[in-house]
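Peer 1: Using our numbering, read the sequence shown as starting at 26 and increasing by one per residue.
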Amino acid sequence: MESHLLDDYKLSAHIDWIELRVTFDKNSQFRYVQEAIDSLTDLGKLHIKPCGSNKNSTNTFDIRVQDPVPHALSAALKLLSTGFAKVITEQLTGIEIALDATPKTNSNLALLNLPEVAFALVRNLAHRHSLQPDIITYPGGFYNVTSRLLAVEDLARGFTLRTGRKGSRKRHRSYVKTRDRIMGDTGILVSPCARIEITLLANEVPVSTLKELTTYRFESLVEHFRQLKVAPLPAGATAAERMAHEDLSEGHHPLGTIASTRSRAHKKRGSLAGTVRNVSANERIAAALRTLTRHVANSVKKPTLERVVLPAPAVKISVLSEGDGVIATPLITPCAPCLTTSPNYVPSTNNPGWGAW
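1. How would you write the range of the beta strand (DSSP E) that Ala-97 sits in, first residue to last?
2. Between Trp-42 and Glu-141, what straight-line distance do the alpha-carbon atoms span, to the nearest angstrom?
3. What are the start and end residues of the alpha helix (DSSP H) that includes Asp-272?
4. For Ser-233, count the other beta carbons within 10 Å of its own beta carbon; 16 or more makes it buried, fewer makes it exposed. Which is it?
5. Quick check on the DSSP output: what are the complete alpha helix (DSSP H) runs of length 4 or more inside the region 51-78, in order along the chain?
6. What's the C-alpha gap between His-96 and Asp-63?
7. Can you pull the DSSP bridge partners for Phe-86?
8. How would you label Arg-267, buried or exposed, when you count the other beta carbons within 10 angstroms and need 16 or more for buried?
9. Would you list the residues sitting across from Tyr-200 in a DSSP beta bridge?
10. Assuming Arg-148 is part of the alpha helix (DSSP H), what are its boundary residues?
11. Per DSSP, what kind of secondary structure is Thr-188 in: helix, strand or coil?
12. For the region 45-56 and the region 111-126, state whether three or more C-beta atom pairs, one from each stretch, are separated by less than 8 Å.
13. Going along the chain, which residues of its own chain have a beta-carbon closer than 8 Å to the beta-carbon of Leu-68, five neighbours each way excluded?
14. Measuring only the C-alpha atoms, how far is Ser-82 from Lys-103?
15. In three-state terms, what does DSSP make of Phe-243?
16. With DSSP run on the structure shown, which of helix, strand or coil describes Val-255?
17. Among His-39, Phe-86, Ser-78 and Leu-253, whose alpha-carbon lies nearest the alpha-carbon of Leu-55?
18. Excluding five sequence neighbours on each side, which residues of the same chain lie with their C-beta closer than 6 Å to the C-beta of Leu-330?
19. Just mark Ala-265 as buried or exposed, buried being the case when its beta carbon has 16 or more other beta carbons within 10 Å.
20. Thinking just about the alpha-carbon of each residue, which of Thr-127, Ala-151, Pro-93 and Ala-312 is nearest to the one in Ala-298?
21. So what does Pro-128 bridge to, in DSSP terms?
22. Going by CA-CA distance only, name the one from Thr-66, Gly-276 and Ile-88 that's closest to Ile-73.
23. According to DSSP, is Leu-117 part of a helix, a strand, or is it coil?
24. Taking only three categories from DSSP, how would you classify Thr-171?
25. Find out if the Cβ-Cβ distance for the pair Val-301, Ala-256 is shorter than 7 Å.
26. Does Lys-236 come out as helix, strand or coil in the three-state DSSP assignment?
27. Output needed for Ser-199: all residues of its chain with C-beta closer than 6 Å, excluding positions within five of it in sequence on either side, in chain order.
28. Could you please give me the residues that DSSP links to Leu-226 through a beta bridge?
29. Out of curiosity, what's the CA-to-CA distance linking Asp-179 and Leu-137?
30. How big is the Cα-Cα spacing for Glu-237 and Leu-105?
31. Can you have a look at Leu-235 and say buried or exposed, based on whether 16 or more other CB atoms are within 10 angstroms of its CB?
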């Protein structure tokens, strides 16, 4: 990604969601836990999944919270201990950190380039976590990314670019975000942005408790977002070097190295031959993550707002169909072998927040 591509966008980092594993001192069913959370706390209805082999009666539940406020969650757990069942342990088992690139101005060019930015944020990652090909997923299917042009077109339609697969403990995804989802099938419009997310599960989660989350330095996650760009073509380059440079510039292949298998030379260089670190972009990414650190730390000092009834959302989210998306263009139907069930997409109407991720 050329350094100027992000210059027209402001960067901000957020905790998209956390998954909290809560163990009570008695067995129950998830619907009763849900009712207790809804009636005793200000958290509203959350996505809850029972743990263990007996899903009908257990004392351990995974609770996923969107846009979490750590001190509010801690207060909610205390209320549950008093009014429902004593909380014995709480542990973070998943977290997703998002980095948004929002146009500095509402120029048509900046908005039209959002799919390009979403594509570059993943394909130009310095440190990758999967040897498997990147894929574009859409409702009911997926295909391997081999063409930058096709992938960008599909990102403009509202599809998602993903690394890794279901079950991977570290994985990225990017897309053009135009709305926030509220309670499953409804949503509100937001300022359009290109978003990249890193999902960390199990032992990849950098903290264990809500208290640790309030003091965590999110800038230490910069390696998950660090960007590369294609190095300038040297003067007097050979025909082979020019072809290699053009191939990298086209974006048909990821620029980064696999974090778990990089050689010592690659670790020192931080990129493959023909690429260099995007210093200006990486400095801005680190600054966005530092701002997130301050935001989370400062939120501990703020009082919890009283629960209010929100007006009904004005936008209904529906499954994308042909022609729908951020930029309406004709849908290119993938070839027959590509029309297989996506390893990343699980349609759900009852609890869409869990999905396949």
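Note that CB positions come from ideal geometry on N, CA and C, so glycine has one too.
Peer 2: Based on what the coordinates show:
1. Counted from its first residue, the sequence shown places residue 97 at position 72. From DSSP, Ala-97 is part of no beta strand (DSSP E) but of the alpha helix (DSSP H) over 95-108.
2. Counting from one through the sequence shown, the residue named residue 42 turns up at place 17. Counting from one through the sequence shown, the residue named residue 141 turns up at place 116. If you take the alpha carbons of Trp-42 and Glu-141, they lie about 25 Å apart.
3. Numbered from its first residue, the sequence shown carries residue 272 at position 247. Counting along the chain, the alpha helix (DSSP H) containing Asp-272 begins and ends at 264-275.
4. Counting from one through the sequence shown, the residue named residue 233 turns up at place 208. Ser-233 should be labelled exposed.
5. Taking only runs of at least 4 residues, the alpha helix (DSSP H) segments lying wholly in the region 51-78 are 55-65.
6. On the sequence shown, residue 96 is found 71 positions in, with the first residue counted as 1. On the sequence shown, residue 63 is found 38 positions in, with the first residue counted as 1. Their backbone Cα atoms lie some 17 Å apart in a straight line.
7. On the sequence shown, residue 86 is found 61 positions in, with the first residue counted as 1. Answer is Val-47 and Pro-75.
8. The residue you call residue 267 lines up with position 242 of the sequence shown. Around the beta-carbon of Arg-267, fewer than 16 other beta-carbon atoms lie within 10 Å, marking it exposed.
9. Your numbering for residue 200 matches position 175 in the sequence shown. DSSP output for Tyr-200 lists Arg-220 as bridge partner(s).
10. Here residue 148 refers to the residue found at position 123 when the sequence shown is read from its first residue. Unbroken alpha helix (DSSP H) run through Arg-148: 139-148.
11. Numbered from its first residue, the sequence shown carries residue 188 at position 163. In this structure, Thr-188 counts as coil in the three-state DSSP scheme.
12. Flag = yes, the region 45-56 and the region 111-126 touch.
13. Stepping through the sequence shown from its first residue, residue 68 is reached at position 43. Cβ-Cβ distances below 8 Å link Leu-68 to Ile-62, Val-90, Ala-97, Leu-98 and Ala-101 in the same chain, with the five nearest sequence neighbours on each side left out; the list follows chain order.
14. By one-based count along the sequence shown, residue 82 stands at place 57. By one-based count along the sequence shown, residue 103 stands at place 78. Roughly 22 Å separates the two Cα atoms.
15. Stepping through the sequence shown from its first residue, residue 243 is reached at position 218. Looking at Phe-243 - three-state DSSP - the assignment turns out to be helix.
16. In the sequence shown, residue 255 corresponds to position 230, counting from 1. Per DSSP, reduced to three states, the secondary structure at Val-255 is strand.
17. For the purposes of this step, residue 55 is identified with residue 30 of the sequence shown, where counting begins at 1. Correcting the residue identity first, residue 55 is Phe in this sequence and not Leu. Distance check between Phe-55 and each of His-39, Phe-86, Ser-78 and Leu-253 places Phe-86 closest, using alpha-carbon atoms only.
18. The residue labelled residue 330 in the question sits at position 305 within the sequence shown. Because Leu-330 carries a pLDDT of 48, less than 50, the predicted location of this residue cannot be relied on, and no value is offered for it.
19. Counted from its first residue, the sequence shown places residue 265 at position 240. So Ala-265 counts as exposed.
20. Your numbering for residue 298 matches position 273 in the sequence shown. Of Thr-127, Ala-151, Pro-93 and Ala-312, the residue nearest in Cα terms is Ala-151.
21. Here residue 128 refers to the residue found at position 103 of the sequence shown. Tyr-34, per the DSSP bridge assignment.
22. For the purposes of this step, residue 73 is identified with residue 48 of the sequence shown, where counting begins at 1. Checked all of Thr-66, Gly-276 and Ile-88; the closest Cα to Ile-73 is Ile-88.
23. Along the sequence shown, read from residue 1 onward, the residue named residue 117 stands at position 92. In this structure, Leu-117 counts as strand in the three-state DSSP scheme.
24. Along the sequence shown, one-based indexing puts residue 171 at 146. If DSSP states are grouped into helix, strand and coil, Thr-171 belongs with coil.
25. Within the sequence shown, residue 301 is the residue found at index 276, counting from 1. Within the sequence shown, residue 256 is the residue found at index 231, counting from 1. Yes; because the gap between Cβ atoms is below 7 Å, this pair is in contact.
26. One-based indexing of the sequence shown puts residue 236 at position 211. Lys-236 falls in the helix class under three-state DSSP.
27. As a working note, residue 199 is residue 174 in the sequence shown. Closer than 6 Å at Cβ, skipping near neighbours: Ala-143, Leu-146, Val-147, Leu-186 and Ile-221.
28. Here the question's residue 226 lines up with position 201 in the sequence shown. Answer is Gly-119.
29. As a first step, residue 179 must be located in the sequence shown, where it is residue number 154. As a first step, residue 137 must be located in the sequence shown, where it is residue number 112. Roughly 13 Å separates the two Cα atoms.
30. Here residue 237 is taken as the residue at index 212 of the sequence shown, counted from 1. Here residue 105 is taken as the residue at index 80 of the sequence shown, counted from 1. Taking the straight line joining both Cα atoms gives about 21 Å.
31. Walking along the sequence shown from the start, residue 235 turns up at place 210. By the 10 Å Cβ count, Leu-235 comes out buried.
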